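Step one of this worksheet: look at the structure below.
Chains as they are written, first to last, in the numbering used here: chain A, 2 to 349; chain B, 173 to 467.
Following this line, the structure appears as structure tokens:
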């Protein structure tokens, strides 16, 4: 015997205790409103103000990060909140991106239509995949989601008639904000649109996560057997969250296309799934907002710092993965202001 | 039917050779997965490392069988060391769940892929089979590269050897017991740390060995690591956890599906592979020949 017997669930039960403690505090909801809401509002205002002082390049980079952040947040709902680790979340993202691109090209570039098509496409894919995949757990689930995403990736490269094959889907028109209206060409307006839609879905995910349904997700994450003996159909709950996450990932794909106006098989490749997962882990599993910060950091490192290293981007990302696992097991969200500070603030 | 067999015989033998290579990857993956419950995403990198080792030692000029055997032995040694190292670095986070271990090995795979492309560039590097096996043999009227027949023979020896070790030795029964219930084996007083390190090292050595063996067929190039890793995972899903015969059956099945698919219906080949996986999952969720616990 070299180490104490620990079960994989020990981490989970820690978290459950945290939550019980949080719920037991009389002012849990009050703290949310008084402390978190002003911070959130300030951040949202600052984000909306970006186009007024930032150059178009920065607005474009932020647009891309927002789309990917929505992908990461939807993945966090699966991984962090529900305990369903997926290595293939780029699949609904990419399918949504293709659906949005094709709809914009063939039907109308009026923004809500491709967005809706992307949501539906992400959800349909997740229904098909979820029926098989959600029955498994742990390592098996990781493996299956990876395999299915790889299949979708290969399909995107082969099905040339629809996807444009490995050359990608080109010629996607710029979006319009009124049916048949002027195409939007200003980076700032595009940014505002993406920010608004991303916020909408982010709020939706936060609401899902804080609802009774969200609590049953955490219950399944921490102890599926107990939830099942309490009478929950754990399959139905897990399947539902899998489809919700897939639909939102599809929406993220459509936001990505609004800016890039191009989709290629790389956009639903393994790297995207892996980086989204890294963003979730760095940000802190289960916090949802942490995934946004994580995405910003991961894609800043990859797109801004990586090229400076002369093609050593892979090495950098690998090192970030390893460092994140060893050094930041709970991510940004796990770095807490010392409790003493909080108490003093509440006392004053 | 006979005519169809005749015209596709070469493809089917190709499929067997490819299946043998998949077996070398899948067996290690399956045992590490079964015994330690670790999804080792660096397993493809071990295979590719073996292939690059063949590039360095054997190269694409003709070489003697001796040099090739030397490369195989070197791959076994390097692979075993790398596997022991991997088991060492995943141990501190073993209690933290599947995702952390998968992410760690994924990070290692990224770093390894980057090092390989730094050392060997981004082009496809081919390896020539040893001169003695460089020719072709005639089978039922079709000519066929001798080397691939050698690969099939080596694969059969490996499969029988692995089956013997797992099914007929004490170490093998401990490994099987760990797949079924690792805590119970620990409670019986077996030092599972050594056992797990050993399984990890053996699985990694086998993958690197497969890399050398497969180098004259699949060459070595960036991206090959991901490809073999994913096919290896599919084989494990199809064959079932921690079972030698499952890995073999799954590998041969996927080898056939890949080879025949690419030759008969090239557009849909990858669907066939994953379709086979989905079908097996729907009909037998824990694999064709599952041993131990279900997923």
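Just so you know, even glycine gets a beta-carbon here, dropped at the ideal spot from N, CA and C.
In this text the structure is predicted, and so the values were computed from the model without any measurement.
Thinking C-beta only, is residue j closer than 7 Å to residue i?
| i | j | result |
| --- | --- | --- |
| residue 337 (chain B) | residue 327 (chain B) | no |
| residue 256 (chain A) | residue 195 (chain A) | yes |
| residue 253 (chain A) | residue 101 (chain A) | no |
| residue 79 (chain A) | residue 246 (chain A) | yes |
| residue 200 (chain B) | residue 373 (chain B) | no |
| residue 296 (chain A) | residue 275 (chain A) | no |
| residue 179 (chain A) | residue 149 (chain A) | no |
| residue 189 (chain B) | residue 323 (chain B) | yes |
| residue 277 (chain A) | residue 90 (chain A) | yes |
| residue 384 (chain B) | residue 214 (chain B) | no |
| residue 382 (chain B) | residue 193 (chain B) | yes |
| residue 96 (chain A) | residue 122 (chain A) | yes |
| residue 188 (chain A) | residue 61 (chain A) | yes |
| residue 299 (chain B) | residue 387 (chain B) | yes |
| residue 206 (chain B) | residue 428 (chain B) | no |
Within 7 Å of any Cβ in chain A, is that where the Cβ of residue i sits?
| i | result |
| --- | --- |
| residue 209 (chain B) | yes |
| residue 446 (chain B) | yes |
| residue 194 (chain B) | no |
| residue 282 (chain B) | yes |
| residue 405 (chain B) | yes |
| residue 215 (chain B) | no |
| residue 442 (chain B) | yes |
| residue 187 (chain B) | no |
| residue 464 (chain B) | Confidence is the limiting factor: at residue 464 (chain B) the pLDDT is only 44, short of 50, which leaves the residue's position unreliable, though a coordinate-based value still follows. False, the Cβ-Cβ gap to chain A never drops below 7 Å. |
| residue 402 (chain B) | yes |
| residue 285 (chain B) | yes |
| residue 459 (chain B) | no |
| residue 306 (chain B) | no |
| residue 396 (chain B) | no |
| residue 275 (chain B) | yes |
| residue 278 (chain B) | yes |
| residue 453 (chain B) | yes |
Using the C-alpha atoms, what's the distance from residue j back to residue i?
| i | j | result |
| --- | --- | --- |
| residue 335 (chain A) | residue 236 (chain B) | 58 Å |
| residue 394 (chain B) | residue 240 (chain A) | 36 Å |
| residue 210 (chain B) | residue 260 (chain A) | 39 Å |
| residue 225 (chain A) | residue 211 (chain A) | 19 Å |
| residue 198 (chain B) | residue 299 (chain A) | 32 Å |
| residue 330 (chain B) | residue 415 (chain B) | 14 Å |
| residue 439 (chain B) | residue 159 (chain A) | 7 Å |
| residue 469 (chain B) | residue 253 (chain B) | Nothing about residue 469 (chain B) can be read from this structure; chain B reaches only from 173 to 467. |
| residue 293 (chain A) | residue 218 (chain B) | 34 Å |
| residue 325 (chain B) | residue 334 (chain B) | 14 Å |
| residue 239 (chain B) | residue 175 (chain A) | 60 Å |
| residue 258 (chain B) | residue 283 (chain B) | 13 Å |
| residue 244 (chain A) | residue 140 (chain A) | 20 Å |
| residue 460 (chain B) | residue 45 (chain A) | 53 Å |
| residue 201 (chain A) | residue 220 (chain B) | 44 Å |
| residue 332 (chain A) | residue 147 (chain A) | 23 Å |
| residue 308 (chain B) | residue 295 (chain B) | 27 Å |
| residue 23 (chain A) | residue 186 (chain A) | Note on residue 23 (chain A): pLDDT 45, under 50, position unreliable in the model; the coordinate value appears next. About 47 Å. |
| residue 198 (chain A) | residue 402 (chain B) | 35 Å |
| residue 453 (chain B) | residue 325 (chain A) | 33 Å |
Could one say the Cβ of residue i lies closer than 7 Å to chain B's Cβ atoms, at least one of them?
| i | result |
| --- | --- |
| residue 333 (chain A) | no |
| residue 329 (chain A) | no |
| residue 157 (chain A) | no |
| residue 116 (chain A) | no |
| residue 243 (chain A) | no |
| residue 275 (chain A) | yes |
| residue 326 (chain A) | yes |
| residue 86 (chain A) | yes |
| residue 41 (chain A) | no |
| residue 148 (chain A) | yes |
| residue 299 (chain A) | no |
| residue 183 (chain A) | no |
Name the DSSP beta bridge partners of residue i, please?
| i | result |
| --- | --- |
| residue 170 (chain A) | A:264 |
| residue 311 (chain B) | B:314 |
| residue 184 (chain A) | A:177 |
| residue 297 (chain B) | B:392 |
Would a check of beta-carbon distances place residue i closer than 7 Å to chain C?
| i | result |
| --- | --- |
| residue 272 (chain B) | The structure shown contains no chain C; its protein chains are A and B. |
Examine the ligand SAM and report whether any of its heavy atoms sits within less than 6 Å of the Cβ of residue i.
| i | result |
| --- | --- |
| residue 271 (chain B) | Although the ligand SAM was asked about, the structure shown includes no ligands whatsoever. |
Q) In chain order, which continuous runs of the alpha helix (DSSP H) of length 4 or greater are located wholly inside the segment 53–128 of chain A? A) 57–77 and 91–107
(Q) Please give me, in chain order, every unbroken run of the alpha helix (DSSP H) with length at least 4 that falls completely inside the segment 247–296 of chain A. (A) 271–284
Q) Residue ranges of each alpha helix (DSSP H) run of no fewer than 4 residues wholly in the segment 181–235 of chain A, ordered along the chain? A) Counting only runs of 4 or more, we get 188–211, 213–223 and 225–230.
Q: Starting from the N-terminal side, write out each stretch of the beta strand (DSSP E) that is 3 residues or longer and does not extend beyond the segment 419–465 of chain B.
A: The segment 419–465 of chain B contains no whole beta strand (DSSP E) run of 3 or more residues.
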